[in-house]
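Heads up, the thing below is written out as structure tokens.
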Amino acid sequence: MSRDQPNKAEKADEPYLRIERLTKMFGAFTALADVDLEVAEGEFICFLGPSGCGKTTLLRCIAGLDIQTHGRVSQGGKDISTLPPDRRDFGIVFQSYALFPNLTVYKNLAYGLENRRMDRAAIAARVAELIGLVGLQGEEDKYPAQLSGGQQQRVALARALAPSPGLLLLDEPLSALDARVRVYLRREVRMLQRRLGVTTIMVTHDQEEALTMADRIVVMDQGAIVQIGTPIDIYRSPETPFVADFVGTMNFLPAVVLEPRRVRLGHLVLDCGDAVGGMSAGSAITLCVRPEDLTVRNGELDTHNTAPARVEVLEFLGAFYRATLAVEGMDEHSLTADLSPNLMQQLDLRVGGKLNVVFPEDRIRVFGEQ
Amino acid sequence: MSVNTLDRPLRLETARDDRIQGWSLALIAVFLVAAILLPLYAMLSKSFKDANGNFIGFGNYREYFSTPELVSSVAHTLTIGVVTTVIVVTLAFIYAYAITRSCMPFKGLFKAIALIPILAPSLLPAISLVYLFGNQGMIKGVMGGHSIYGPIGIVIALAFWIFPHTVIILTTALSTADARLYEAAAALRTSKLRTFFTVTLPTAKYGLMSSCFVAFTYAITDFGAPKVIGGWYNVLSVDIYKQVVGQWNFQMGAVVSVVLLFPVVLTFIGDRLVQRRNVAQISAGSVPLEPKPNRRFDLIMFGFCLLITFILVGILAVSAFASFIKFWPYNLSLVLSNYQFQYTDGGGWGAYANSVEMATLTAVFGTLIIFTGAYLI
Numbered sequence: 004m005s006r007d008q009p010n011k012a013e014k015a016d017e018p019y020l021r022i023e024r025l026t027k028m029f030g031a032f033t034a035l036a037d038v039d040l041e042v043a044e045g046e047f048i049c050f051l052g053p054s055g056c057g058k059t060t061l062l063r064c065i066a067g068l069d070i071q072t073h074g075r076v077s078q079g080g081k082d083i084s085t086l087p088p089d090r091r092d093f094g095i096v097f098q099s100y101a102l103f104p105n106l107t108v109y110k111n112l113a114y115g116l117e118n119r120r121m122d123r124a125a126i127a128a129r130v131a132e133l134i135g136l137v138g139l140q141g142e143e144d145k146y147p148a149q150l151s152g153g154q155q156q157r158v159a160l161a162r163a164l165a166p167s168p169g170l171l172l173l174d175e176p177l178s179a180l181d182a183r184v185r186v187y188l189r190r191e192v193r194m195l196q197r198r199l200g201v202t203t204i205m206v207t208h209d210q211e212e213a214l215t216m217a218d219r220i221v222v223m224d225q226g227a228i229v230q231i232g233t234p235i236d237i238y239r240s241p242e243t244p245f246v247a248d249f250v251g252t253m254n255f256l257p258a259v260v261l262e263p264r265r266v267r268l269g270h271l272v273l274d275c276g277d278a279v280g281g282m283s284a285g286s287a288i289t290l291c292v293r294p295e296d297l298t299v300r301n302g303e304l305d306t307h308n309t310a311p312a313r314v315e316v317l318e319f320l321g322a323f324y325r326a327t328l329a330v331e332g333m334d335e336h337s338l339t340a341d342l343s344p345n346l347m348q349q350l351d352l353r354v355g356g357k358l359n360v361v362f363p364e365d366r367i368r369v370f371g372e373q
Numbered sequence: 008m009s010v011n012t013l014d015r016p017l018r019l020e021t022a023r024d025d026r027i028q029g030w031s032l033a034l035i036a037v038f039l040v041a042a043i044l045l046p047l048y049a050m051l052s053k054s055f056k057d058a059n060g061n062f063i064g065f066g067n068y069r070e071y072f073s074t075p076e077l078v079s080s081v082a083h084t085l086t087i088g089v090v091t092t093v094i095v096v097t098l099a100f101i102y103a104y105a106i107t108r109s110c111m112p113f114k115g116l117f118k119a120i121a122l123i124p125i126l127a128p129s130l131l132p133a134i135s136l137v138y139l140f141g142n143q144g145m146i147k148g149v150m151g152g153h154s155i156y157g158p159i160g161i162v163i164a165l166a167f168w169i170f171p172h173t174v175i176i177l178t179t180a181l182s183t184a185d186a187r188l189y190e191a192a193a194a195l196r197t198s199k200l201r202t203f204f205t206v207t208l209p210t211a212k213y214g215l216m217s218s219c220f221v222a223f224t225y226a227i228t229d230f231g232a233p234k235v236i237g238g239w240y241n242v243l244s245v246d247i248y249k250q251v252v253g254q255w256n257f258q259m260g261a262v263v264s265v266v267l268l269f270p271v272v273l274t275f276i277g278d279r280l281v282q283r284r285n286v287a288q289i290s291a292g293s294v295p296l297e298p299k300p301n302r303r304f305d306l307i308m309f310g311f312c313l314l315i316t317f318i319l320v321g322i323l324a325v326s327a328f329a330s331f332i333k334f335w336p337y338n339l340s341l342v343l344s345n346y347q348f349q350y351t352d353g354g355g356w357g358a359y360a361n362s363v364e365m366a367t368l369t370a371v372f373g374t375l376i377i378f379t380g381a382y383l384i
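Protein chains in written order, with this note's numbering: chain A, 4 to 373; chain B, 8 to 384.
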């Protein structure tokens with residue numbers, strides 16, 4: 004398969020996968036509009052977005068399962084825009100596993116290798132290797148229907164990896180599994196990907212999955228890429244309210260710019276560091292702060308970025324409590340804060356209790372009115 | 008009312024609805040016994056008796072199997088069954104494949120036309136074949152010296168008549184397919200041929216087997232086609248008719264019926280076994296396959312369907328046409344006189360009215376009984 008390997012010389016500056024101005028129309032509906040993306044070799048990329056955002060369509064265009072209306076896809080420095088799937092170099096795993104139900108695990112894994120006319124002994128060796136890789140020793144002669152969902156998905160993963168493709172595409176591979184298996188397989192898939200160093204793109208609508216697995220996350224909405232960045236970038240510095248809302252939980256509060264580093268929220272005046280940027284005084288903004296970034300304390304009022312509040316609702320979520328706070332001077336806008344059980348005990352907090360809530364200056368983000 | 012003793016396994020007390028359901032089911036069971044098992048018993052018992060009603064064991068069977076012309080019809084019937092099944096299932100599979108997996112135009116129309124023969128008795132294609140290829144046939148030359156009277160005619164007539172049944176089963180079997188399986192195969196660089204054998208055929212396997220059983224059963228039990236066009240080629244179903252109606256030999260008729268029943272029961276059991284293994288081929292989360300346009304393939308499929316529908320409609324048209332001809336082949340003027348049933352013997356319009364009446368009653372009560380039964384179960 005040497006023809007599929009990228010030329011070593013151009014590897015350094017050339018991305019392994021490059022997507023340029025890719026547009027996909029379904030009739031009059033635009034599923035993808037002028038998408039540009041570059042993926043480095045060995046990277047683990049997650050396409051994250053709500054259903055219908057175009058993330059699966061983009062994956063299918065990369066695979067050649069759907070052909071884009073216009074735009075270019077190049078892999079390993081080669082333009083593959085018009086190649087059918089069977090002449091591209093990728094392995095794919097679907098949410099529904101899509102194992103051949105009439106073939107055993109062994110036969111499923113050998114399937115792609117037989118298409119490449121490998122000899123029998125080489126196939127047997129490769130299948131044995133794959134079985135070990137995904138930990139399915141002893142299941143070779145079973146049919147897919149005799150395996151659990153998690154096992155089936157491992158077979159699907161091994162089948163996709165069998166011909167050593169240059170690109171691994173995962174279309175919501177873990178969505179059909181139970182929570183526990185899902186978390187376990189997340190780690191497993193990630194470790195396998197690191198070990199093999201195969202460039203991987205995974206589509207998911209599960210932000211936790213994207214945050215834990217990806218090197219970089221591509222957040223998509225309405226057929227366009229909204230933000231590309233590392234999980235920490237995406238979580239800490241969302242560039243649009245959509246990203247802020249879709250990834251993690253966020254308080255959205257209407258506010259007004261007072262001066263370059265200061266905003267007015269209801270009757271409160273808050274310092275917000277550099278978040279305001281170049282916005283002029285008087286412009287309406289949305290102030291964002293994550294529930295876990297808010298800190299609470301009782302006792303005397305620390306004047307800096309602090310406001311008195313009352314606990315309205317307490318929701319127990321296992322590892323933490325999610326509190327809905329009514330903040331004095333903030334009118335009808337309530338605030339969501341995540342509080343650790345330890346803190347709750349220390350402060351002896353209960354519904355109706357009073358406390359002071361602190362807005363950490365460096366954790367506040369601001370979006371201009373759109 | 009039972010006392011809950013805490014350690015005895017509990018059973019839900021029967022609700023009123025359940026009791027009504029139980030009684031209704033029992034009623035239907037009685038009906039089925041009366042309508043199906045009793046005649047079967049009558050037939051079986053008759054086959055073990057002589058003309059005077061004395062029990063003679065396997066005497067009739069011995070006599071049957073020592074009569075060469077009767078035994079030959081067992082071989083004939085099986086031959087007709089196998090050949091017809093192979094031909095009709097092959098053609099119907101391609102036809103159904105065209106309807107479900109190609110992007111040719113007029114798919115709905117093709118599907119509708121394929122079902123037309125279901126409305127005709129098996130006599131009809133046989134009669135048409137006589138008009139076309141018989142001794143005075145319109146295009147007799149096509150036969151190249153072979154006679155249409157015999158196995159060739161029977162197989163063609165049966166193929167016409169069974170075609171819709173197999174097309175229905177196969178279109179259903181082929182219309183449920185998981186697009187993801189085809190995509191997985193494509194991603195693994197699988198050839199079209201290998202995809203067909205490893206993905207398409209296994210998904211349609213049960214439908215394919217089921218259609219074979221149906222075709223075989225219809226082919227060996229049909230009476231109309233071999234009676235009209237069978238010539239000297241004797242088959243079991245016609246033998247029964249000859250024994251019972253021709254010679255008033257009910258005992259031998261019963262024997263032949265039992266002999267014929269044997270392969271039918273075998274295919275029925277086979278079908279049941281296959282259906283039991285027919286576990287969900289389509290898993291949750293599978294995506295229905297949408298055929299993609301392919302000019303060459305679509306054109307070939309369109310041509311094939313056009314040819315088949317031409318034959319189907321042609322056979323039908325010949326019968327319709329012939330019904331208006333004064334006296335084939337000597338006077339080809341078109342008349343309506345053949346529809347003056349009052350001049351035909353055997354009841355004329357009365358027979359027509361009887362047929363309609365019977366059909367109506369069967370439709371009403373048959374549907375009622377089957378619907379009730381299915382609902383209760």
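Note that CB positions come from ideal geometry on N, CA and C, so glycine has one too. This structure is a prediction, so every number in the text was calculated from the model and none was measured.
| Can you check whether the CB of Val265 (chain B) is closer than 8 Å to the CB of Ser54 (chain B)? | One-based indexing of the second sequence puts residue 54 (chain B) at position 47. One-based indexing of the second sequence puts residue 265 (chain B) at position 258. Cβ atoms of Ser54 (chain B) and Val265 (chain B): closer than 8 Å.
| message | Taking DSSP's pairing of strands, which residues face Ala329 (chain B) in a bridge? | response | On the second sequence, residue 329 (chain B) is found 322 positions in, with the first residue counted as 1. Ala329 (chain B) pairs with nothing; no bridge assigned.
| task | Pull up the DSSP beta-bridge partners for Phe255 (chain A), would you. | result | Position 252 of the first sequence holds residue 255 (chain A). Note: Phe255 (chain A) sits in a beta bridge opposite A:Cys291.
| message | Counting only C-beta atoms, is Glu364 (chain B) closer than 8 Å to chain A at any point? | response | The count along the second sequence starts at 1 and reaches residue 364 (chain B) at position 357. With 8 Å as the cut-off, Glu364 (chain B) does not count as an interface residue toward chain A.
| request: Look at Thr375 (chain B) and Gln28 (chain B) and say whether their C-beta atoms are less than 8 Å apart. | output: For the purposes of this step, residue 375 (chain B) is taken as the residue at position 368 of the second sequence. For the purposes of this step, residue 28 (chain B) is taken as the residue at position 21 of the second sequence. It is Leu, not Thr, that sits at residue 375 (chain B) in the sequence shown. Not a contact, by the Cβ cut-off of 8 Å.
| request: State the Cα-Cα distance for the pair Tyr240 (chain B) and Ile163 (chain B), rounded to the nearest angstrom. | output: Walking along the second sequence from the start, residue 240 (chain B) turns up at place 233. Walking along the second sequence from the start, residue 163 (chain B) turns up at place 156. Distance between the alpha carbons of Tyr240 (chain B) and Ile163 (chain B): 14 Å.
| chain B contacts made by the region 77-90 of chain A, where a contact means CB separation under 7 Å | Pro88, Asp89
| field | Asn67 (chain B), buried or exposed, once every other Cβ within 10 Å from all chains shown has been counted against 16 | value | Here residue 67 (chain B) refers to the residue found at position 60 of the second sequence. Buried is the call here.
| query | When we look at the beta-carbon of Met194 (chain A) and count the other beta-carbons within 10 Å, is it buried (16 or more) or exposed? | reply | The residue given as residue 194 (chain A) occupies position 191 in the first sequence. Burial call: exposed.
| Should Pro233 (chain B) be labelled buried (16 or more other beta-carbon atoms within 10 Å of its own) or exposed? | The residue given as residue 233 (chain B) occupies position 226 in the second sequence. That one is buried.
| request: Name the one or two DSSP bridge partners that Lys27 (chain A) has. | output: Along the first sequence, read from residue 1 onward, the residue named residue 27 (chain A) stands at position 24. Answer by DSSP bridge pairing, in chain order: A:Leu35.
| request: Tell me where the beta strand (DSSP E) around Gly371 (chain A) begins and ends. | output: Position 368 of the first sequence, counted from the start, is the residue given in the question as residue 371 (chain A). Start and end: 368-371.
| Just to confirm, are Gly67 (chain A) and Pro87 (chain A) a CB contact at a threshold of 8 Å? | Position 64 of the first sequence, counting from 1, holds the residue named residue 67 (chain A). Position 84 of the first sequence, counting from 1, holds the residue named residue 87 (chain A). Going by C-beta atoms, Gly67 (chain A) is nearer than 8 Å to Pro87 (chain A).
| said: Distance check for Ile231 (chain A) and Ser240 (chain A), CA to CA, integer angstroms please. | reply: On the first sequence, residue 240 (chain A) is found 237 positions in, with the first residue counted as 1. On the first sequence, residue 231 (chain A) is found 228 positions in, with the first residue counted as 1. The straight-line gap from Cα to Cα measures roughly 11 Å.
| According to DSSP, which residues form a beta bridge with Asn359 (chain A)? | Translated into positions along the first sequence, residue 359 (chain A) becomes position 356. Looking at the DSSP assignment, Asn359 (chain A) forms a beta bridge with A:Arg300, A:Pro311.
| Anyone know if the C-beta pair for Thr202 (chain B) and Ala186 (chain B) falls short of 8 Å? | Start at 1 with the first residue of the second sequence, and residue 202 (chain B) comes out as number 195. Start at 1 with the first residue of the second sequence, and residue 186 (chain B) comes out as number 179. Not a contact, by the Cβ cut-off of 8 Å.
| chain B within 8 Å of Phe249 (chain A), Cβ atoms only | On the first sequence, position 246 is the one that residue 249 (chain A) refers to. No, because no Cβ of chain B sits closer than 8 Å to the Cβ of Phe249 (chain A).
| query | Does any residue of chain B bring its CB to less than 8 Å from the CB of Phe47 (chain A)? | reply | As a first step, residue 47 (chain A) is located in the first sequence; it is residue number 44 there, counting from the start. No, Phe47 (chain A) lies away from the interface with chain B (no Cβ there is under 8 Å from its Cβ).
| task | Compute the minimum distance between the beta carbon of Met347 (chain A) and the heavy atoms of the ligand SAM, and state whether it is under 7 Å. | result | Here there are no bound small molecules, and the ligand SAM is not part of this structure.
| request: Report the rounded CA-to-CA distance for Gly398 (chain A) versus Leu40 (chain A), giving the unit in angstroms. | output: What the structure shows of chain A is the stretch from 4 to 373, and residue 398 (chain A) is not part of that stretch, so it cannot be assessed.
| message | Please state the DSSP three-state secondary structure of Gly237 (chain B). | response | If you number the second sequence from 1, residue 237 (chain B) lands on position 230. In the structure shown, Gly237 (chain B) sits in coil (DSSP, three-state: anything other than H, G, I, E or B).
| task | Using a Cβ-Cβ cut-off of less than 7 Å, list which residues of the region 244-278 of chain A approach chain B; keep chain order. | result | none
| query | Based on Cα-Cα distance, which residue from A:Gln78, A:Ile70, A:Thr33 lies nearest to Val42 (chain A)? | reply | Your numbering for residue 42 (chain A) matches position 39 in the first sequence. Of A:Gln78, A:Ile70, A:Thr33, the residue nearest in Cα terms is A:Gln78.
| C-alpha distance - Met8 (chain B) paired with Asp25 (chain B), whole-angstrom precision | Locating residue 8 (chain B) in the second sequence gives position 1, counting from the first residue. Locating residue 25 (chain B) in the second sequence gives position 18, counting from the first residue. Any reading at Met8 (chain B) needs caution, since the residue's pLDDT is 48, under 50, leaving its predicted position unreliable; the model's value is listed next. Approximately 16 Å between the Cα atoms of the pair.
| query | Are the beta-carbon atoms belonging to Ala226 (chain B) and Ile87 (chain B) less than 8 Å from one another? | reply | Reading the second sequence from its first residue, position 219 is the one you call residue 226 (chain B). Reading the second sequence from its first residue, position 80 is the one you call residue 87 (chain B). Yes, they are a contact pair.
| query | Is Arg183 (chain A) helix, strand or coil when you go by DSSP? | reply | In the first sequence, residue 183 (chain A) corresponds to position 180, counting from 1. If DSSP states are grouped into helix, strand and coil, Arg183 (chain A) belongs with the helices.
| said: What does the Cβ neighbour count give for Asn254 (chain A), buried or exposed, with the cut at 16 atoms within 10 Å? | reply: Residue 254 (chain A) sits at position 251 when you count from the first residue of the first sequence. Looking at its Cβ environment, which holds 16 or more other Cβ atoms inside 10 Å, Asn254 (chain A) is buried.
| task | Identify the contact partners of Phe32 (chain A) in chain B, using a Cβ-Cβ distance below 7 Å as the criterion. | result | Translated into positions along the first sequence, residue 32 (chain A) becomes position 29. Residues of chain B passing the Cβ test: none, with the nearest at roughly 16 Å.
| said: Suppose contacts are defined by Cβ-Cβ distances below 8 Å. Is Asp92 (chain A) in contact with Gly169 (chain A) by that definition? | reply: Taking the first residue of the first sequence as position 1, residue 92 (chain A) is located at position 89. Taking the first residue of the first sequence as position 1, residue 169 (chain A) is located at position 166. Contact: yes.
| What number of angstroms, rounded off, separates the C-alpha of Val38 (chain A) from the C-alpha of Asp277 (chain A)? | Residue numbering aside, residue 38 (chain A) sits at position 35 when the first sequence is read from its first letter. Residue numbering aside, residue 277 (chain A) sits at position 274 when the first sequence is read from its first letter. Each residue's alpha carbon lies about 31 Å from the other.
| query | Straight-line CA distance for Gly321 (chain B) to Ile22 (chain A)? | reply | Translated into the one-based positions of the second sequence, residue 321 (chain B) becomes position 314. Translated into the one-based positions of the first sequence, residue 22 (chain A) becomes position 19. Between Gly321 (chain B) and Ile22 (chain A), the C-alpha separation is close to 56 Å.
| said: Suppose contacts are defined by Cβ-Cβ distances below 8 Å. Is Ala99 (chain B) in contact with Thr173 (chain B) by that definition? | reply: Your numbering for residue 99 (chain B) matches position 92 in the second sequence. Your numbering for residue 173 (chain B) matches position 166 in the second sequence. In contact: Ala99 (chain B) and Thr173 (chain B) (Cβ atoms closer than 8 Å).
| task | Could you list which residues in chain B have their beta carbon closer than 7 Å to that of Tyr114 (chain A), in chain order? | result | The residue you call residue 114 (chain A) lines up with position 111 of the first sequence. What Tyr114 (chain A) touches in chain B: Leu195.
| task | Compare the Cα-Cα distances from Cys312 (chain B) to each of B:Leu116, B:Leu323, B:Gln143, B:Thr367 and report the closest residue. | result | Residue 312 (chain B) sits at position 305 when you count from the first residue of the second sequence. Here the closest residue by C-alpha is B:Leu116.
| request: List the residues of chain A that Pro132 (chain B) touches, going by C-beta distances under 9 Å, in chain order. | output: Taking the second sequence and counting its residues from 1, one reaches residue 132 (chain B) at position 125. Correct list: empty, because the minimum Cβ distance to chain A is about 37 Å.
| Listing by chain order, which chain B residues have their CB less than 7 Å from the CB of Lys68 (chain A)? | Counting from 1 along the first sequence, the entry for residue 68 (chain A) is found at position 65. The question names Lys, but residue 68 (chain A) is Leu in the sequence shown. Neighbours of Leu68 (chain A) on chain B, chain order: Glu190.
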